[in-house]
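A.B. asks:
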Amino acid sequence: MARYIGNTNDDRDKMLKEIGYKDIKSLFKAVPDSVLLKRKLNIPEALSEMELIKYIKSLSNENLNTDDYTCFLGGGAYDHYIPSAIDQLILRQEFYTAYTPYQPEISQGTLQAIFEYQTMISELTGLPVANASMYDGASALAEACVMSCEATRRNEILIANSVHPESRQVLNTYAKFRNITVKEIKYNNGQADLDDLSAKISNNTAAVIVQSPNFFGIIEDVEAIAEIAHKNKSLLTVSADPVSLSILKSPGEMGADIAVGEGQSLGNVLNFGGPYLGFMAVTEKLMRKMPGRIVGQTSDKEGRRGFVLTLQTREQHIRREKATSNICSNQALNALQATMYLTFMGKEGLKEAAKLCFNKSHYAYNELIKTNKFKSLFTAPFFKEFAVISEKPVNELNEKLLEDKIIGGYNLEKDYPELKDGYLIAVTEKRTKEEIDELVRKAGE
Amino acid sequence: MKLLEDLKYAESHEWVRVEGNKAYIGITDYAQDKLGDVVYVEMPEVGTIVEAGDQFVVLESVKAASDVYAPISGTVVEVNDELEDNPALINESAFDAWIVAIDMSLPTEVDSLLSAEEYERIYE
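Dropping the structure here:
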C-alpha cells in the first residue's frame, strides 16, 4: 500500500537546505552511531490496499460481536438498544473532538450540547449540579472520593465491596498517592452490610461509597446507608446505572451528596471496552469542589442566550498543583451520544427500556432456577442483572454456550473467590423471549 | 489605595486588627483590587489551629481561586458568616470585611508584622 506522506523528496531537500543540512543523516548526527539500527526492521513487506483490508477484516472477524451473538454478559458494560439516528448524527464532523471547547465564540453548538447533557444528568440523578462528564465510571467514582476527602478534610473512604471490582481498583490507585485510606464494607445477601458499615465508620471517614444497582445487579438500601453516613458527617457517593434511574428513586432523593456512574448504557456502543464516559452530579454545597468542566448558560452583550465554560478557577491551568483534579477535559463525543440517546428515548422511552430490562431479567432468572441447574445466590431485589450459582463450572458452561452463539454471563469467582461457580447474567431490553428461552434451554441441558 | 494606620499588615497582603488577645484578619484594599470580584469565600472551621504562614482561607474571584495565609498563629474562634451570602463585601470595603478571628497563641508575632507605611512600600 502506498504510504501517504505529505511532502515529496524535493520538499525534504528544500527543508534540509533551509536549516543547513545536506541530508537526513547529517540532521540526525547527534544520535550515536552505536545505537543506530543498521538493518531493515524485521516486519513484513507493505500490503496493497486490497490485501490490507482483507487481512484486517480477517482479524476483526475473530472478535465476537453482538450482531452475530446473543449477549448475556454485563458486569459494567451493557448491550442496550441504540436508536439508529445516533449512528448517523454522531458522524457529523462539527462534533469530532474529544475535548471541551475553550472558545465560546466558535463553539456554541458543542457547548449547548454539553449544557443539555448536564441538565439531563442532573434530572436523572436528582442532584442540582452536573459536570460535562468524566473519563469513565471508575475514574468518576475515584474523583468523587478525592473530592469528599477535600471537602470534609478527612482521609478515609469506606467502600462497599459490592461496588464494581475494577472501580475499586481504580480508587485504590488514586488513593495510594494521596494518602487516602480505603476500607471495604462486606456484603450480606448481596447488599452492603449495614452492621459492618456502622462498625467501621469513624470521624475519619470522608465518604461512604456504594453502587446501586451494585455489581451483583442488586438494589442497595441507599436511604439507610445515607442515614448512617450523614449521622457521622461523612458524605455519601452513589454510583448508579443511569437506565435504572428512570424507574428507581434517584441518588439525590435518597440522600446522596455525589452521584457518579458509567454512562455507556446511554447510547454508547460496547466498543470492546471503551472509550466510555463517566457522569457526575453533586449538591449545590459541593459545587465548587467538583472536578472537571462545567458549561454554564449566560447571555451575550446583545442579551441572547449563550454558553460558556464556568467555575474554572480551581482547574489546573489556573490553580496549578492546588487544582481540585488533574482532569481538564471531558468525554465530549461520548457525552453527546448519551445526550442524543436521552433525547431520542425521552422520559417515557427510557422508562420503558428500564421496565423491559427489569421484566426480562426476572423472567430469565425464574426460568433458569426452574431448570434446577442453577441455584439462587441472593434474595435481595435486582434490576437488570442477577447472580446465581451454576451447577456446571462457569467457564465450561460459557464455552458450550459460545458454540451456540450465546455470550454467557460473568464468572463471579474471578473477583469473589468465595462465590464458587457464581454466575452473573445481564438481560437488557434487547433480549427477546426466544433468546432467553434459548439460553435457558442450552444452559439447562 | 486605602490603608489604615492602626492596622498591621503581612507581606502576603492580609491585614490584622488586634482586640485583646483576638486578631481579626482580612485582606487589604490592594489585594481585593488585584483579585477582582470575589464570588466565594472558603472558610476554615472554627476550632482550627493555624500557624503563621499556613494557608487557611481560599478566596475565589472571577479570575482565580487564591490562598489567604494566616499572618499569626492561634486558633480560629470566629468566621465572618456575612461573607457567605455576600462575598462582595470584601471588594466594597476590604478593611471592614474581616474574614476570620484568631485567638493568638503567640501575641508577640504581631510585632514582626508591617506598619501601614512599611506595607505601602511593598506594593508601590
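Sequences listed follow chains A and B, in order. Under the numbering used here, the residue at position 76 of the first sequence is numbered 76, and the numbers go up by one with no gaps. Under the numbering used here, the residue at position 101 of the second sequence is numbered 101, and the numbers go up by one with no gaps. All C-beta atoms, glycine included, are put in the ideal place defined by N, C-alpha and C.
Would you mind stating whether B/Val18 and B/Met43 have Cβ atoms separated by less than 8 Å?
C.D. replies: As a working note, residue 18 of chain B is residue 18 in the second sequence. As a working note, residue 43 of chain B is residue 43 in the second sequence. No, the Cβ-Cβ distance between B/Val18 and B/Met43 is not below 8 Å.
A.B. asks: Would you kindly work out how many angstroms separate the C-alpha atoms of A/Gln331 and A/Val388, rounded to a whole number?
C.D. replies: Looking up residue 331 of chain A in the first sequence gives position 331. Looking up residue 388 of chain A in the first sequence gives position 388. Between A/Gln331 and A/Val388, the C-alpha separation is close to 35 Å.
A.B. asks: Just the C-alpha distance for A/Asp241 and B/Lys22, rounded to the nearest angstrom, thanks.
C.D. replies: Locating residue 241 of chain A in the first sequence gives position 241, counting from the first residue. Locating residue 22 of chain B in the second sequence gives position 22, counting from the first residue. Distance between the alpha carbons of A/Asp241 and B/Lys22 is about 52 Å.
A.B. asks: Cβ of B/Ala31 less than 8 Å from any chain A Cβ?
C.D. replies: Counting from one through the second sequence, the residue named residue 31 of chain B turns up at place 31. Output row for B/Ala31: interface = no.
A.B. asks: Measure how close the beta-carbons of A/Ser250 and A/Ser167 come, nearest whole angstrom, since I'm counting them as under 8 Å.
C.D. replies: Translated into the one-based positions of the first sequence, residue 250 of chain A becomes position 250. Translated into the one-based positions of the first sequence, residue 167 of chain A becomes position 167. About 20 Å separates the two Cβ atoms, so there is no contact after all.
A.B. asks: Could you tell me the boundaries of the beta strand (DSSP E) in which A/Gln88 lies?
C.D. replies: Translated into the one-based positions of the first sequence, residue 88 of chain A becomes position 88. Where A/Gln88 is concerned, there is no enclosing beta strand (DSSP E), although the alpha helix (DSSP H) it sits in stretches over Ser84 to Leu89.
A.B. asks: So what's A/Arg304 in DSSP terms, helix, strand or just coil?
C.D. replies: For the purposes of this step, residue 304 of chain A is taken as the residue at position 304 of the first sequence. Reduced to three states, the DSSP call for A/Arg304 is coil.
A.B. asks: Kindly indicate which residue of A/Ser58, A/Gly408, A/Lys351 and A/Tyr423 has the alpha-carbon position closest to the one of A/Glu438.
C.D. replies: Translated into positions along the first sequence, residue 438 of chain A becomes position 438. For the residues A/Ser58, A/Gly408, A/Lys351 and A/Tyr423, the minimum Cα distance to A/Glu438 belongs to A/Gly408.
A.B. asks: Does DSSP put B/Ile122 in a helix, in a strand, or in coil?
C.D. replies: Position 122 of the second sequence holds residue 122 of chain B. Correct three-state label for B/Ile122: helix.
A.B. asks: Starting from the C-beta of A/Leu27, find all residues in its chain whose C-beta is less than 6 Å away, skip the five residues before and the five after it, and write them out in chain order.
C.D. replies: The residue you call residue 27 of chain A lines up with position 27 of the first sequence. Tyr21, listed in sequence order.
A.B. asks: Report the neighbours of B/Tyr40 on chain A: residues whose CB is nearer than 8 Å to its CB, in chain order.
C.D. replies: Walking along the second sequence from the start, residue 40 of chain B turns up at place 40. In chain order: Arg288.
A.B. asks: Do we get a CB-CB distance below 8 Å when we pair B/Ala65 with the residues of chain A?
C.D. replies: The sequence position of residue 65 of chain B within the second sequence is 65, counting from 1. Answer yes: the Cβ-Cβ gap between B/Ala65 and chain A drops below 8 Å somewhere.
A.B. asks: In terms of residue numbering, what span does the beta strand (DSSP E) encompassing A/Ala240 cover?
C.D. replies: For the purposes of this step, residue 240 of chain A is taken as residue 240 along the first sequence, with counting starting at 1. Residues Leu235 to Ala240.
A.B. asks: Are the C-beta atoms of B/Glu84 and some chain A residue less than 8 Å apart?
C.D. replies: Here residue 84 of chain B is taken as the residue at index 84 of the second sequence, counted from 1. Not closer than 8 Å to any Cβ of chain A, the Cβ of B/Glu84 fails to qualify, so no.
A.B. asks: If B/Ser25 sits next to B/Val39, beta carbons under 8 Å apart, how far is it from one beta carbon to the other, in whole angstroms?
C.D. replies: Position 25 of the second sequence, counting from 1, holds the residue named residue 25 of chain B. Position 39 of the second sequence, counting from 1, holds the residue named residue 39 of chain B. Residue identity check: residue 25 of chain B is Ile in the sequence provided, not Ser. Not a contact, Cβ separation roughly 20 Å.
A.B. asks: Closer than 8 Å between beta carbons: that is the criterion. Which residues of the stretch 48-63 of chain B meet it against chain A?
C.D. replies: Result list: Glu60, Ser61, Val62 and Lys63.
A.B. asks: Pick helix, strand or coil for A/Met254, following the three-state DSSP scheme.
C.D. replies: Counted from its first residue, the first sequence places residue 254 of chain A at position 254. DSSP places A/Met254 in coil when its eight states are reduced to three.
A.B. asks: CA-CA distance, A/Arg304 and A/Pro104?
C.D. replies: Along the first sequence, one-based indexing puts residue 304 of chain A at 304. Along the first sequence, one-based indexing puts residue 104 of chain A at 104. If I take the Cα positions, the gap works out to 13 Å.
A.B. asks: To the nearest whole angstrom, what separates the beta carbons of A/Glu434 and A/Asp421, a pair I think is in contact under 8 Å?
C.D. replies: Taking the first sequence and counting its residues from 1, the one referred to as residue 434 of chain A is at position 434. Taking the first sequence and counting its residues from 1, the one referred to as residue 421 of chain A is at position 421. At roughly 27 Å, the Cβ-Cβ gap does not stay under 8 Å, so A/Glu434 and A/Asp421 are not in contact.
A.B. asks: In chain B, which residues lie with their C-beta within 8 Å of the C-beta of A/Thr313?
C.D. replies: Against the first sequence, residue 313 of chain A aligns to sequence position 313. The contacting residues are Glu60, Ser61, Val62, Lys63, Ala64 and Ala65.
A.B. asks: Taking A/Arg178 as the query, report the chain B residues whose CB atoms sit under 9 Å from its CB, ordered along the chain.
C.D. replies: Residue mapping note: residue 178 of chain A aligns to position 178 of the first sequence, counting from 1. Within chain B, no residue comes near A/Arg178; the closest Cβ sits about 18 Å away, beyond 9 Å.
A.B. asks: Mind pulling the chain B residues with CB within less than 8 Å of A/Arg319?
C.D. replies: Counting from one through the first sequence, the residue named residue 319 of chain A turns up at place 319. Ala64 and Ala65, listed in chain order.
A.B. asks: The alpha helix (DSSP H) with A/Ile114 in it runs from where to where?
C.D. replies: In the first sequence, counting from the first residue as 1, residue 114 of chain A sits at position 114. Taken as a continuous stretch (DSSP letters only), the alpha helix (DSSP H) holding A/Ile114 covers Gln108 to Thr125.
A.B. asks: Note down the Cα distance separating A/Arg154 from B/Trp98, rounded to an integer number of angstroms.
C.D. replies: The count along the first sequence starts at 1 and reaches residue 154 of chain A at position 154. The count along the second sequence starts at 1 and reaches residue 98 of chain B at position 98. If I take the Cα positions, the gap works out to 27 Å.
A.B. asks: Would you tell me roughly how many angstroms separate the C-alpha atoms of A/Leu311 and A/Met287, rounded to the nearest one?
C.D. replies: In the first sequence, counting from the first residue as 1, residue 311 of chain A sits at position 311. In the first sequence, counting from the first residue as 1, residue 287 of chain A sits at position 287. Taking the straight line joining both Cα atoms gives about 9 Å.
A.B. asks: Can you give me the C-alpha to C-alpha distance between A/Val295 and A/Asn61, rounded to a whole angstrom?
C.D. replies: Counted from its first residue, the first sequence places residue 295 of chain A at position 295. Counted from its first residue, the first sequence places residue 61 of chain A at position 61. A/Val295 and A/Asn61: Cα-Cα distance of roughly 41 Å.
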